[in-house]
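Q: Numbering (our numbering), first residue to last: 115 to 519.
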Ligand code: FEO
């Protein structure tokens, strides 16, 4: 029944859209859904590149069967074992028991570990090739982008890179598959959010992979999520390069927690100080309202970060504390920092924020503001000054080249 879209001669899109899942990895909201991309190469031999989430397994099988029309499936190439892509391996093996599973040694051990699937496997090493007839596949190991087994498969005849998660983004494919046949605007922020939250910790391995892939001539990038890139290859590769170098733009993110509005008023005042100094991109997040994945996305974009927190049970406000953990986890670099806080009888939050920035090794504004109870005139002025100082540091900041992987 299915008429799968042909990307280029003999290579078909057989992926699926997921508009039902609320949170990716049970953490990250999906306002535009997500696609799990899979590709079928039909030649003298047939090969499937990656599978899809098992929740969509039935429709996935039907798409493959529609294309193969009774032919056998000779190979399953596995670039990445995270279950949103590997989830249907066992199902596919049931339909095509003779199919050979192709992966590196780490992949194959995960295939057994996750799914108990063994036998009919082909272990490949970096640079090895596999001929399907006209199409020839070459395997490039790219470990830790963002799992240890991650690899990419390059098809030499049509110059297609099957890149796994790399260059992928949230957002379903709403009719078209190729970037040149759609409006891609909605995908850019979703690519940054995907990268920052999922791959963000692994800037150095991504840089290594990008350098390794530089000699390849690319007509298409077929990622496991989002559009097939052809017209916008330069843009997506540049975006990955910039994000993995933790390169940031002139702008300031102000994140605050506030129970009764006192710390919130400080945040507004700090923002005024930033704006007075000529910074135009200022994004304020109420940590209790904004989704953490969006806050992390904006932190990856902009150079300045100012965090405010009330003291809560002699600690940071819990939502702020949770955010700090997410920033530390990702080893975010190339930022300048400022902090402020408020308390009622004993101050703790600002001390914790100060020790956080020492851990991150970011330059920090000299001014910190720590107000007892409601904001008063002296500290109102200090909040303005904090904003001005961070703005100046943002403007004068020179990226540390040691952060470039
Ligand atoms: Fe889309 Fe790392 O899985």
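Backbone N, C-alpha and C define an ideal beta-carbon position, used for all residues, glycine too.
Just to confirm before moving on: does the CB-CB distance between residue 191 and residue 281 stay below 9 Å?
A: Cβ atoms of residue 191 and residue 281: not closer than 9 Å.
Q: What are the start and end residues of the alpha helix (DSSP H) that includes residue 132?
A: From DSSP, residue 132 is part of no alpha helix (DSSP H) but of the beta strand (DSSP E) over 130-132.
Q: Report yes or no: do three or more beta-carbon pairs, one from the region 335-342 and one from the region 362-381, lie closer than 8 Å?
A: Too few Cβ pairs lie closer than 8 Å, so no.
Q: Could you tell me whether the Cβ atoms of residue 529 and residue 127 are closer together than 9 Å?
A: Only positions 115 to 519 of the chain appear in this structure, which leaves residue 529 out of reach.
Q: For residue 508, does the three-state DSSP call read helix, strand or coil?
A: Correct three-state label for residue 508: helix.
Q: Should residue 249 be listed as close to the ligand FEO, given that the test is whether its C-beta is under 8 Å from any heavy atom?
A: No, since every heavy atom of the ligand FEO falls outside the 8 Å radius drawn around the Cβ of residue 249.
Q: Could you give the DSSP three-state label for residue 100: helix, strand or coil?
A: In the structure as shown, the chain starts at 115 and stops at 519, and residue 100 therefore has no counterpart that could be examined.
Q: Give the secondary structure of residue 253 by DSSP, where H, G and I count as helix, E and B as strand, and everything else as coil.
A: The answer is strand: DSSP assigns residue 253 an E or B state.
Q: Checking 9 Å against the spacing of the C-beta atoms, do residue 463 and residue 430 come in under that value?
A: Cβ distance < 9 Å, so residue 463 and residue 430 count as in contact.
Q: Please classify residue 443: is it buried, with 16 or more other beta-carbons within 10 angstroms of its beta-carbon, or exposed?
A: Exposed, because fewer than 16 other Cβ atoms sit within 10 Å of the Cβ of residue 443.
Q: Run the CB neighbour count on residue 209, radius 10 Å, all protein chains shown included, and call it buried at 16 or more, exposed below.
A: Label assigned to residue 209: exposed.
Q: For a test of your reading of the model: does the CB of residue 132 fall under 8 Å from any non-hydrogen atom of the ligand FEO? Yes or no.
A: No - the ligand FEO has no heavy atom lying nearer than 8 Å to the Cβ of residue 132.
Q: Just mark residue 181 as buried or exposed, buried being the case when its beta carbon has 16 or more other beta carbons within 10 Å.
A: Its Cβ being crowded by 16 or more others within 10 Å, residue 181 is buried.
Q: Is residue 254 near the ligand FEO, going by C-beta to nearest heavy atom under 8 Å?
A: False, no ligand heavy atom lies under 8 Å from that Cβ.
Q: When the Cα atoms are used, what is the spatial distance from residue 215 to residue 139?
A: The alpha-carbon atoms of residue 215 and residue 139 are separated by roughly 25 Å.
Q: Apart from the five residues on each side of it in sequence, which residues of its chain come closer than 7 Å, Cβ to Cβ, to residue 298?
A: Around residue 298: 341, 346.
Q: Mind listing, in chain order, the residues whose beta carbon lies closer than 5 Å to a non-hydrogen atom of the ligand FEO?
A: In chain order, the qualifying residues are 196, 198, 279.
Q: By the 10 Å Cβ neighbour count, where 16 or more other Cβ atoms means buried, how is residue 399 classified, buried or exposed?
A: Classification for residue 399: buried.
Q: What three-state label does DSSP hand residue 399 in the structure shown?
A: If DSSP states are grouped into helix, strand and coil, residue 399 belongs with the strands.
Q: Looking at the unbroken alpha helix (DSSP H) that takes in residue 206, where does it start and where does it end?
A: Counting along the chain, the alpha helix (DSSP H) containing residue 206 begins and ends at 203-209.
Q: Span of the beta strand (DSSP E) holding residue 280?
A: Looking at the DSSP string, residue 280 is not in any beta strand (DSSP E), and its letter there is neither H nor E.
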